[in-house]
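As structure tokens, the structure follows; a few thoughts come after it.
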Amino acid sequence: MTVTHDPASTQVDPITTEIIRNAFLSAAEEMNATLIRSAYNAIIYEAKDCSVALLDENKRALGQSAGLPIFLGNLEICIQLTEDAFGAEVWAPGDVWIMNDSYMTGTHLGDVTIFAPIYYGEELVGFSASRAHWLDIGAKDLPAPTDSTEIYQEGIRLGPTKVMEGWKLRDDIVDILQRNSRFPYTLVGDLHAQIAVARTGERRLSAIIDRYGLETMRQARDEIFAQSEALDRAAVAAIADGVYEAEGSLDNDGVTDDEFWVRMKITVDGDRMLVDLSESSGPARGAINCGEAQAISACRVAFKRLVNPDRPVTGGTFVPLDVKVRKGSLLAAEEPAACQWYFSPLGLLIDLFAKALAPVMPEVVAAAHHGDSMVNYITGLRDRNGNLFVNVDCLVGGWGGWQGSDGESCLINNVNGSINDFPIEIVESRYPLRVREYAVRTDSAGAGKWRGGCGTIREFEIESEDVWISLWYERSKTPAWGLFGGESGKPPVVEINPGSADVRQMLKVNRLPLKSGDIVRCQSGGGGGYGDARERDHDLVALDIEEGFITLDQARASYGYEPS
Amino acid sequence: MGHLRVAMDIGGTFTDLVAFDERDGSYVTRKVSTTPADLTEGVLEGLDQLLDSADDISFIVHGTTQGLNAFLQRRGERVLLLATRGARDVYHIARGARHELYDLHYRKPQPLVRRRDTIAITGRLDYRGEEVEPLSEAELRAAAGQARDEGIKAFAVAFLFSYLNPVHELEAERIILEEFPEASVSLSHRAAREWREYERTSSTVLNAYIAPVVERYLDRLQRSMTERGLTVPLHVMQSSGGILTAQTAREQPIQTLLSGPAGGAMGGAAVAEILSRPNLLCVDMGGTSFDMSLIVDGQPDTVQETELEGLPLLMPIVKIHTIGAGGGSLAYLEAGGLRVGPESAGAQPGPACYRRGGTQPTVTDANLVLGRIDPAFFLGGAMQLDVEAAHAAVASLAAKLGMEPLELAEGILDVVNAKMAQAIRTITVEQGIAPADFAIVAFGGAGAMHAAFLAEELEIPEVIVPVFPGSFSAWGMLRTKLRHDFTTPYYKAATEADRAEMKRLLDELADEGRRALRSEGVAEDKVEVTSLVDMRYVAQEFSLPVPLDSSELDDPNFAAIVAERFHQAYDARYGHANPSAPVEFVSVRATTYGDLGRAEAKRLNGAQPDSHDASSRKVIFARAEHEAAVAVRDSLAPGASLAGPAIVEEPTATTVVPPGWVATVDEHGFLVLRNQKDRR
């Protein structure tokens with residue numbers, strides 16, 4: 338396929354354009370390196386719960402770098418909303434803004450967005466922006482509640498606020514932030530790291546303008562956007578026109594037993610795509626509500642996974658994509674909806690997008706993965722050194738199969754990006770926990786011609802009193818589904834004291850007290866299968882039995898297998 | 003009595019040999035084709051060209067890709083992995099990380115052991131290294147028996163907390179060897195005595211996977227060399243930048259994995275020492291990749307952990323950053339825009355000018371079209387390049403872009419140079435280093451062709467092209483010492499550290515290193531020991547190595563002294579520090595070096611400026627045709643000076659001196675390029 342567009346409008350030569358294109362990407366990488374290098378808390382520098390973007394004066398991305406997939410293209414909106422609130426005259430050199438309001442930024446309050454206008458001489462030429470997850474902004478429970486019902490329980494809430502004026506820190510604002518955090522020292526460190534990102538972006542964009550001139554930079558930018566847009570349009574045009582639908586429900590919202598539905602209708606019309614989410618459920622009492630900005634971001638991620646996934650994001654990317662949400666619904670939350678777990682419907686949405694388009698993109702899509710967040714928060718009064726501790730552990734699970742390959746086993750979920758599991762030797766050295774088992778969950782993968790990946794088992798024993806556990810597991814009602822006749826993966830299971838008389842099963846809980854000797858057994862789900870299991874190669878089934886991914890019983894039941 | 007110090011670097015395509023004659027300080031080099039089926043053939047062929055008899059050799063070292071090739075081609079030994087019951091799947095779970103955010107089809111790195119070859123063994127230590135469940139001898143005997151029956155000879159044993167207490171692993175080794183005396187056993191506490199079970203297991207498996215291959219290769223090479231009269235021990239380059247005797251390398255084959263690139267970094271360190279330039283940025287550009295390493299304060303930038311194709315490896319290793327830009331990088335159209343790389347034409351079909359079927363223009367084609375490469379002198383004339391084919395490829399793309407071919411050719415280079423410079427800038431920012439404080443050392447076939455342009459992008463005023471830039475790794479190996487690294491965990495809050503205990507641990511590690519050096523024939527007065535303690539802020543996962551002098555352990559203020567040093571190192575690396583936060587020790591490390599004497603070239607004299615053989619040809623710079631002086635490197639005596647535009651040619655490399663730059667030959671024979679343009 339040859340993609341092209343009319344370059345007649347540009348006067349910049351292709352070499353300069355390409356060098357400037359790389360310079361924008363490199364500027365974003367340097368902003369990201371600055372953030373990772375100078376952040377104080379490990380959620381940023383290890384878990385990469387952050388993103389950065391260099392934007393032009395129209396808030397379109399020149400370059401961006403996301404640590405979490407769902408942070409794709411979600412910074413522009415913060416600047417636009419600030420301008421909507423205060424007018425286009427609000428910008429001034431040396432001002433740095435902070436905000437975290439869930440209904441504006443789209444995410445939970447722990448994600449703090451910081452941005453600054455960039456001036457070249459007197460002229461506003463762009464913005465640098467970053468978002469990063471701070472350790473604590475004063476939520477009712479550490480590290481985060483699983484049972485909040487109003488945003489006011491989730492931490493301090495900031496609309497667009499100037500944290501610097503004329504490159505001078507506003508001590509009154511910093512004081513408010515510090516008074517509302519259990520970790521004020523770390524908070525200031527992370528604030529400074531994000532300010533450093535703003536300055537890096539400013540420096541790099543100014544250097545590009547110094548070298549090539551503002552006019553050339555802008556012409557190159559227009560050309561770069563046009564190239565990205567042409568690539569995305571061509572890819573969308575290649576998808577058959579039509580209306581494609583998919584829906585799925587979350588288990589509940591953590592405080593009621595109600596189901597919440599994500600319903601998606603995708604209309605492909607020529608080189609444009611409309612994603613309509615307006616039939617999704619209304620607001621939840623629990624904390625699964627999501628700001629509109631993040632619902633849009635999630636659609637962009639879902640789009641990106643199928644359309645030019647290896648091409649960098651610019652202001653021309655996503656132009657063919659429109660998203661429609663219903664104000665006040667689950668996916669366009671309004672006050673006072675709780676938003677701590679805003680990403681659970683988004684993880685589902687991203688999988689549903691592939692399901693909806695499967696009939697027309699069978700060679701690209703994959704079956705569903707095990708979902709999110711599969712997280713255990715274990716807090717206690719005494720770690721191995723006798724100090725208060727918080728252990729956050731995210732259980733990895735199975736991903737969906739696709740045409741030509743099985744899904745991967747024991748892999749971190751989509752919304753958690755590239756985070757690593759916690760080594761047993763570190764967990765046991767720090768916390769009063771013994772990991773009794775960490776294993777591939779046999780027979781958990783959805784059967785198929787290409788099967789899903791396996792889930793994971795992690796079982797640990799509590800070795801101290803005064804310990805509490807919070808859980809957030811999903812997708813027991815909508816386990817990872819198969820495609821084209823493939824079967825669903827097994828859903829997650831969490832048991833306290835399995836095999837004993839007082840065994841208890843639960844998937845979501847807030848601060849359940851545990852005692853020394855208690856055993857917690859967590860099993861994450863498998864991925865969905867792709868294609869009819871009866872068509873699976875006999876040798877591959879035999880290999881799965883030999884490797885212990887499935888038992889002979891399951892091979893017989895799902896694959897009609899008989900040993901030869 | 004031998005008088006030649008010989009280094010051999012076995013690369014993917016060529017085997018480089020460099021010999022230093024101790025009698026007159028002269029060097030001889032040879033380049034022969036690498037023989038992948040049996041690497042010893044190429045090595046022996048090169049040696050036969052280089053010398054009359056192996057007993058002329060007084061010292062010999064080589065860097066080998068044998069282990070790396072076995073790994074990359076997945077042709078290592080089948081391994082049986084024994085793991086702690088309950089943690090059997092740690093190796094296959096691989097920490098569950100996903101490194102491509104938008105890849106719906108992501109797969110983890112291919113493991114080297116099948117899951118069915120992973121056996122759970124009962125027996126458990128706790129986080130203090132104390133036994134909570136005894137080791138099952140019966141299960142071990144069964145596993146060894148199973149391996150013998152299935153013909154599996156290589157064992158990797160990786161038990162939880164073995165870095166604190168190796169008792170179960172040692173017991174396992176004893177039992178396996180009783181049942182199966184021919185087995186090759188790798189224990190995790192020997193392969194990598196550090197916490198984090200997945201990374202330690204991965205290192206152990208890799209060691210087990212390549213051990214028999216490397217052992218057979220070293221045996222074969224040693225035998226052939228001895229037959230040819232070699233009387234001195236054979237040495238092997240380590241990934242850390244030090245060297246080992248072949249005997250020791252057999253026991254720790256993973257240490258040899260990345261020995262070639264380490265030679266380049268050690269060459270960089272040698273240049274730093276010779277020129278008293280402590281900070282260097284070493285760039286090596288080949289056909290498909292651009293490799294960069296840093297010399298900081300005279301030392302190669304070394305890390306304690308790396309990854310090979312996504313599989314982690316805990317061991318000291320010279321840090322090499324690889325960027326997908328090389329002579330074979332393709333220029334092409336995407337959505338009407340120009341792109342250069344990272345897609346590469348590789349060696350097959352290769353650049354259009356190779357006439358092996360490539361029709362898309364590459365970086366090499368652009369250099370050729372611009373006159374910067376002599377088509378008749380590529381690889382010393384071993385390969386004739388087709389200028390017409392290069393021109394046609396560039397012209398065809400230029401027509402689509404509405405450009406002149408020469409304009410595009412230079413543009414291709416501008417784009418690739420900008421990309422390399424930007425990548426360097428990002429890497430140095432991550433390390434907290436300003437590139438402008440560094441000089442560039444350029445080597446590899448194409449490094450010196452692009453170095454001055456990179457320097458301009460990075461505002462670096464000086465580029466050094468060492469002697470034998472095409473054999474620089476081998477040259478670097480002649481300047482290294484024997485090296486042994488030992489480490490042991492010491493997990494304690496800094497304020498609670500027991501100085502006597504730390505001193506005892508460090509002494510034990512140093513003694514272990516001294517013993518190893520003694521067995522390799524190093525005299526006590528040629529031994530040097532350095533100590534490090536890995537430190538971090540409490541609750542962090544990753545640590546920084548902090549140097550210490552073991553005499554500092556006598557000082558009651560020891561904890562405060564090293565904490566201060568840690569805060570400074572942390573600030574340099576991350577841009578901030580937290581002096582009021584508690585710090586902890588994680589492990590202590592001792593490195594012992596044995597000095598075997600080194601190749602010291604005598605200083606060159608007889609400077610006769612402008613006595614070189616000079617010709618000239620037309621070369622394009624900044625869209626204009628220049629008559630550039632062309633000199634043969636060998637004819638340039640110390641003191642000779644060439645003003646750009648100029649080209650310096652030698653069989654294995656080409657140096658481009660752009661207009662505004664001046665190249666001077668210094669007293670060591672190095673070509674030093676300086677930017678003479680008006681600078682602020």
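These protein sequence lines are chains A and B, in that order.
In my numbering, each residue's number is its place in the first sequence (first place is 1) plus 337.
In my numbering, each residue's number is its place in the second sequence (first place is 1) plus 2.
Note that beta-carbon positions come from the ideal geometry of N, C-alpha and C, so glycine has one too.
### Within 9 Å, strictly: CB atoms of V92 of chain B and Y200 of chain B
On the second sequence, residue 92 of chain B is found 90 positions in, with the first residue counted as 1. On the second sequence, residue 200 of chain B is found 198 positions in, with the first residue counted as 1. Cβ distance < 9 Å, so V92 of chain B and Y200 of chain B count as in contact.
#### Entry: Proximity test, Cβ basis, 9 Å: A776 of chain A and chain B
To locate residue 776 of chain A, count along the first sequence from 1; it is residue 439. Yes, because at least one Cβ of chain B sits closer than 9 Å to the Cβ of A776 of chain A.
### Query
Listing by chain order, which chain B residues have their CB less than 8 Å from the CB of Q564 of chain A?
As a position in the first sequence, residue 564 of chain A is number 227, starting the count at 1. Result: E336, A337, G338 and G339.
#### Entry: For Y457 of chain A, the residue or residues it bridges with in DSSP
For the purposes of this step, residue 457 of chain A is taken as residue 120 along the first sequence, with counting starting at 1. For Y457 of chain A, which the question treats as bridged, DSSP gives the partners A:E460.
### Message
Please confirm whether G885 of chain A has its beta-carbon closer than 9 Å to some beta-carbon of chain B.
### Response
By 1-based counting over the first sequence, the position of residue 885 of chain A is 548. So, interface residue.
### Message
Could you give the first and the last residue of the continuous beta strand (DSSP E) run that contains I442 of chain B?
### Response
Translated into positions along the second sequence, residue 442 of chain B becomes position 440. Element bounds for I442 of chain B: A441 to F445.
### Query
Can you name the residues that DSSP bridges to H323 of chain B?
For the purposes of this step, residue 323 of chain B is taken as residue 321 along the second sequence, with counting starting at 1. In the DSSP output, where bridge partners are listed per residue, H323 of chain B has B:M294.
### Query
For Y915 of chain A, which beta-bridge partners are listed by DSSP?
In the structure as shown, chain A begins at 338 and stops at 901. Residue 915 of chain A is therefore absent and cannot be evaluated.
### Query
CB G826 of chain A to CB A870 of chain A, shorter than 9 Å?
On the first sequence, position 489 is the one that residue 826 of chain A refers to. On the first sequence, position 533 is the one that residue 870 of chain A refers to. No, the pair does not count as a contact, with Cβ atoms beyond the cut-off.
### Contacts that D105 of chain B makes with chain A (C-beta to C-beta distance below 7 Å)
Mapped onto the second sequence, residue 105 of chain B falls at position 103. Under the 7 Å cutoff, chain A gives P646.
### Query
What is the DSSP secondary structure of N589 of chain A, counted as helix, strand or coil?
As a first step, residue 589 of chain A is located in the first sequence; it is residue number 252 there, counting from the start. Three-state result, N589 of chain A: coil.
### Message
Quick check: E217 of chain B and R252 of chain B, are their CB atoms within less than 9 Å of each other?
### Response
Locating residue 217 of chain B in the second sequence gives position 215, counting from the first residue. Locating residue 252 of chain B in the second sequence gives position 250, counting from the first residue. Closer than 9 Å, so yes.
### Message
Can you list, in chain order, the residues of its chain with a C-beta nearer than 7 Å to that of L409 of chain A? Leave out the 5 residues immediately preceding and following it.
### Response
Taking the first residue of the first sequence as 1, we reach residue 409 of chain A at position 72. Excluding sequence neighbours, L409 of chain A sits near A403, S634, R637, V638, K641 and V650.
### Query
Can a CB atom of chain A be found closer than 9 Å to the CB of D612 of chain B?
The sequence position of residue 612 of chain B within the second sequence is 610, counting from 1. At D612 of chain B, the pLDDT of 48 sits below 50, so the modelled position is not reliable; the number obtained from the coordinates is stated separately. False, the Cβ-Cβ gap to chain A never drops below 9 Å.
### Query
How would you list, in chain order, the residues of chain B whose beta-carbon sits under 8 Å from the beta-carbon of C747 of chain A?
Position 410 of the first sequence holds residue 747 of chain A. Near C747 of chain A (Cβ distances below 8 Å), the residues of chain B are D91, H94, I95, A96 and G98.
#### Entry: Pair within 9 Å by beta-carbon distance, I493 of chain A and L446 of chain A
If you number the first sequence from 1, residue 493 of chain A lands on position 156. If you number the first sequence from 1, residue 446 of chain A lands on position 109. For I493 of chain A and L446 of chain A, yes; Cβs fall inside 9 Å.
### Query
Of all the CB atoms in chain D, is at least one closer than 9 Å to the CB of K827 of chain A?
Reference to chain D is not applicable here, since the protein chains of this structure are A and B.
### Task
Kindly list, in the order they appear in chain B, the residues whose Cβ is closer than 9 Å to that of T888 of chain A.
Residue 888 of chain A sits at position 551 when you count from the first residue of the first sequence. Chain B residues near T888 of chain A: none, gap ~14 Å exceeds 9 Å.
### Query
So, does the CB of T450 of chain A fall closer than 9 Å to a CB anywhere in chain B?
What you label residue 450 of chain A is simply residue 113 of the first sequence in a count that begins at 1. Chain B, which has no Cβ nearer than 9 Å to the Cβ of T450 of chain A, makes this no.
### Query
For the alpha helix (DSSP H) that G69 of chain B lies in, which residues bound it at each end?
On the second sequence, residue 69 of chain B is found 67 positions in, with the first residue counted as 1. That run of the alpha helix (DSSP H) goes Q68 to L74.
### Task
Could you tell me whether any Cβ in chain A is nearer than 9 Å to the Cβ of G312 of chain B?
Within the second sequence, numbered from 1, the residue matching residue 312 of chain B stands at position 310. Not closer than 9 Å to any Cβ of chain A, the Cβ of G312 of chain B fails to qualify, so no.
### Task
Give a yes or no on whether the C-beta atoms belonging to T666 of chain B and S643 of chain B are separated by under 9 Å.
One-based indexing of the second sequence puts residue 666 of chain B at position 664. One-based indexing of the second sequence puts residue 643 of chain B at position 641. Yes, the pair counts as a contact, with Cβ atoms nearer than the cut-off.
### Query
Taking the continuous alpha helix (DSSP H) assigned at L658 of chain A, which residues delimit it?
Translated into positions along the first sequence, residue 658 of chain A becomes position 321. Here L658 of chain A belongs to no alpha helix (DSSP H); instead the beta strand (DSSP E) covers L658 to K661.
### Query
Closer than 9 Å, CB to CB, is D350 of chain A near chain B or not?
Within the first sequence, the letter at position 13 stands for residue 350 of chain A. Output row for D350 of chain A: interface = yes.
### Query
How close, in whole Å, do the beta carbons of W739 of chain A and W818 of chain A come, if the pair is a contact with beta carbons under 8 Å?
Position 402 of the first sequence, counted from the start, is the residue given in the question as residue 739 of chain A. Position 481 of the first sequence, counted from the start, is the residue given in the question as residue 818 of chain A. That pair is no contact at about 13 Å.
### Query
Three or more beta-carbon pairs under 8 Å between the stretch 179–187 of chain B and the stretch 151–158 of chain B, yes or no?
yes
### Message
Just verifying my parser: in three-state terms, what is the DSSP assignment at Y129 of chain B?
### Response
Here residue 129 of chain B corresponds to residue number 127 of the second sequence, with the count starting at 1. DSSP places Y129 of chain B in coil when its eight states are reduced to three.
### Task
State yes or no: is the C-beta of A669 of chain A within less than 9 Å of the C-beta of A624 of chain A?
Residue 669 of chain A sits at position 332 when you count from the first residue of the first sequence. Residue 624 of chain A sits at position 287 when you count from the first residue of the first sequence. Not a contact, by the Cβ cut-off of 9 Å.
### Task
Pull up the CB-CB distance for G352 of chain B and G330 of chain B, whole angstroms please, since I reckon it's below 8 Å.
Here the question's residue 352 of chain B lines up with position 350 in the second sequence. Here the question's residue 330 of chain B lines up with position 328 in the second sequence. About 6 Å; that satisfies the 8 Å criterion.
#### Entry: 9 Å Cβ cutoff met for V733 of chain A and G231 of chain B
Along the first sequence, one-based indexing puts residue 733 of chain A at 396. Along the second sequence, one-based indexing puts residue 231 of chain B at 229. Not a contact, by the Cβ cut-off of 9 Å.
### Task
Note down, in chain order, every chain A residue with its Cβ under 9 Å from the Cβ of M287 of chain B.
Here residue 287 of chain B refers to the residue found at position 285 when the second sequence is read from its first residue. Neighbours of M287 of chain B on chain A: none; closest Cβ ~17 Å, over 9 Å.
### Query
Anyone know if the C-beta pair for M601 of chain A and V592 of chain A falls short of 9 Å?
Position 264 of the first sequence, counted from the start, is the residue given in the question as residue 601 of chain A. Position 255 of the first sequence, counted from the start, is the residue given in the question as residue 592 of chain A. No, these two residues do not count as a Cβ contact at 9 Å.
### Query
Name the residues in the stretch 423–451 of chain B whose C-beta lies less than 8 Å from a C-beta of chain A; which are they?
Q424, A425, R427, T428, V431, E432 and G434
### Message
Going by DSSP, what residue range makes up the beta strand (DSSP E) through T489 of chain B?
### Response
As a position in the second sequence, residue 489 of chain B is number 487, starting the count at 1. Here the beta strand (DSSP E) through T489 of chain B covers L484 to A495.
### Message
If contact is defined by three or more beta carbon pairs under 8 Å, each pair taking one atom from either stretch, is the stretch 892–899 of chain A in contact with the stretch 796–814 of chain A?
### Response
no
### Query
If you draw a straight line from the alpha carbon of I545 of chain A to that of M554 of chain A, how long is it in whole angstroms?
Numbered from 1 along the first sequence, position 208 holds the residue referred to as residue 545 of chain A. Numbered from 1 along the first sequence, position 217 holds the residue referred to as residue 554 of chain A. If you take the alpha carbons of I545 of chain A and M554 of chain A, they lie about 7 Å apart.
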